[in-house]
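A.B. asks: In the working numbering, the protein residues as written are 4 to 311. Beta carbons are placed, not taken as given, at the ideal position from N, Cα and C, and that holds for glycine. These figures come from a predicted structure and were not determined experimentally. Pasting in a structure now, in structure tokens, and then I'll have a few things to ask.
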Amino acid sequence: MTTRPFDDTATRAPARVAVVTAASLPDLEPDDRLILAPLAAAGITAEPVVWTDPTVDWTAYDRVLLRSPWDYTERRADFLAWVSSVPGLLNPADVVVWNTEKTYLRDLAAAGVPVTETQWIGGGDVWTPPAAGEWVVKPAVGAGSVDAGRYDLSDPEHRELAELHVERLLAAARLVMVQPYLTAVDTDGETALLFFTDPATGALAYSHAIRKGPMLAGPDTGVEGLYKQEQIDPRVATEAQRAVAERALAAIPGGTGRLLYARVDLLPGPGGDPVVVELELTEPSLFFGFDQDAAGRFAAAVAAHITR
């Protein structure tokens, strides 16, 4: 009599993934809901979970997936303590620590990646505004263009408002960034390139891209909610854009093999060549709704990480 090897696939419990969000988005942001069905089809039970909920047993999940904890900027120290305590976090905690303050742009620049020119202003520094030109003032820890403003420094009123903006951020013990306003955003928009783990190689692979319209119309006037509304359209990334994005990914400490996802935001620089505005590795919108296969690719990437 021949015995068959035991097959436990029928009794094995489905993998569980916590999809991390903010208390104000307990059912997830609409775009992120698009991944739930593909994850279920891959045999993964995905549950929206608020990161600040003290009753959650994070060890009950096979992976903890950061998606929309967008209120972390208000309490970054608490958030970093939390990510450092959670097992199975995607992306990993050390990457999140590095990526949640935009001083990572210094590291990219040191690695030869073209990035937006940036002045850094910290406590005790005195900022002398440039004589003219349009400039952006924003905090080094922030998301969704909250607390960001655009100022024409040849205009006396704007100049005063820019100085007040810097003072307000410094008074809140926040590191300040001042960058030239890259006017190409008004015509070309900003390009965001999305990368997910390729199950076949285990490496990040290009998935799709979108175009974001300009978001800063003038001085900071505050934002209702967690982020400013964006104008989004599908876009095909150029070879030049993909090359710069790959250079940014190559500069990530520890490499990209551990990462589930990445987003690289680019703008045409003063000479027209793409420069990195942001490298998003923590909780970026991934714009699943702008590519019909993106949610499926993402679900396959999650499954690949679970089976590693």
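Would you kindly report the start and end of the unbroken alpha helix (DSSP H) that includes E249?
C.D. replies: Start and end: E242 to A253.
A.B. asks: Which residue spans inside the stretch 26–109 form an unbroken alpha helix (DSSP H) run of at least 4?
C.D. replies: Complete alpha helix (DSSP H) runs here, min 4: 33–36, 39–44, 79–88 and 96–102.
A.B. asks: May I have the straight-line CA-CA distance separating P183 from R19, to the nearest angstrom?
C.D. replies: Those two C-alpha atoms are separated by around 45 Å.
A.B. asks: Would the stretch 24–36 count as touching the stretch 69–77 if we require 3 or more Cβ pairs under 8 Å?
C.D. replies: Yes, the stretch 24–36 is in contact with the stretch 69–77.
A.B. asks: R250 to T106, Cα distance in whole Å?
C.D. replies: Each residue's alpha carbon lies about 17 Å from the other.
A.B. asks: Report the option in E283, P57 and P33 whose CA atom is closest to the CA atom of F199.
C.D. replies: Per the Cα distances, E283.
A.B. asks: Where in the stretch 137–195 do unbroken runs of the alpha helix (DSSP H), each at least 4 residues long, occur, reported from the N-terminal end onward?
C.D. replies: Counting whole runs of 4 or more residues, the stretch 137–195 contains the alpha helix (DSSP H) stretches 159–174.
A.B. asks: Using the rule of at least 16 other Cβ atoms within 10 Å of the residue's Cβ for burial, across every protein chain shown, is G260 buried or exposed?
C.D. replies: With fewer than 16 other Cβ atoms within 10 Å, it is exposed.
A.B. asks: Does DSSP put R261 in a helix, a strand or coil?
C.D. replies: DSSP places R261 in coil when its eight states are reduced to three.
A.B. asks: Would R238 be called buried (16 or more neighbouring beta carbons within 10 Å of its own) or exposed?
C.D. replies: Burial call: buried.
A.B. asks: Could you check what DSSP says for V305 in three-state terms: helix, strand or coil?
C.D. replies: Helix at V305.
A.B. asks: Identify, in the order they occur along the chain, each residue of the same chain with its Cβ nearer than 7 Å to the Cβ of G292, setting aside the five sequence neighbours on each side.
C.D. replies: Closer than 7 Å at the Cβ level, and outside the excluded window around G292, lie D34 and L37.
A.B. asks: Which residue from S288, L156, L111 and W123 puts its Cα closest to that of A146?
C.D. replies: The candidate whose alpha carbon is nearest that of A146 is S288.
A.B. asks: Using C-beta distances below 8 Å, list every residue in its chain close to L156, excluding the 5 sequence neighbours before and after it, in chain order.
C.D. replies: Correct list, in chain order: P132, P133, A134, A135, G136, E137, W138, R162 and A165.
A.B. asks: Expressed to the nearest angstrom, what Euclidean distance is found between the alpha-carbon atoms of G46 and Y209?
C.D. replies: Using only the alpha carbons, I get a separation of about 24 Å.
A.B. asks: To the nearest angstrom, report how far apart A307 and P51 are at their CA atoms.
C.D. replies: Roughly 20 Å between the two C-alpha positions.
A.B. asks: Quick one: what does DSSP say L289 is sitting in, helix, strand or coil?
C.D. replies: The answer is coil: DSSP assigns L289 none of H, G, I, E or B.
A.B. asks: Using 7 Å as the threshold, is the C-beta distance between P117 and V278 below it?
C.D. replies: Yes, the Cβ-Cβ distance between P117 and V278 is below 7 Å.
A.B. asks: The beta strand (DSSP E) spanning D236 covers which residue range?
C.D. replies: Run containing D236: I235 to R238, per the beta strand (DSSP E) assignment.
A.B. asks: Report the rounded CA-to-CA distance for T12 versus A44, giving the unit in angstroms.
C.D. replies: Low confidence applies here, because T12 scores a pLDDT of 42, under 50, leaving its location unreliable and the question unanswered by this model.
A.B. asks: Which residue marks the beginning of the beta strand (DSSP E) containing T131, and which one marks its end?
C.D. replies: Note, T131: premise wrong, no beta strand (DSSP E); not H, not E.
A.B. asks: Return the first residue and the last residue of the beta strand (DSSP E) that Q122 is part of.
C.D. replies: Taken as a continuous stretch (DSSP letters only), the beta strand (DSSP E) holding Q122 covers Q122 to I124.
A.B. asks: For A304 and M180, I'd like the C-alpha separation in whole angstroms.
C.D. replies: Distance between the alpha carbons of A304 and M180: 34 Å.
A.B. asks: So what's R266 in DSSP terms, helix, strand or just coil?
C.D. replies: Here R266 sits in strand by DSSP.
A.B. asks: Please list, in chain order, all residues of the same chain as V169 whose beta carbon is under 7 Å from its beta carbon, the five residues on each side excluded.
C.D. replies: So the list reads I124, W130, V140 and V179, once near-sequence residues are dropped.
A.B. asks: Give the single residue among D110, R79 and L69 whose Cα lies nearest to the Cα of P90.
C.D. replies: Among D110, R79 and L69, the Cα nearest to that of P90 is on L69.
A.B. asks: Please state whether DSSP places A208 in a helix, a strand or coil.
C.D. replies: Note: A208 maps to strand in three-state DSSP.
A.B. asks: Residues bridged to T24 by DSSP?
C.D. replies: Answer is V53 and S71, bridged to T24.
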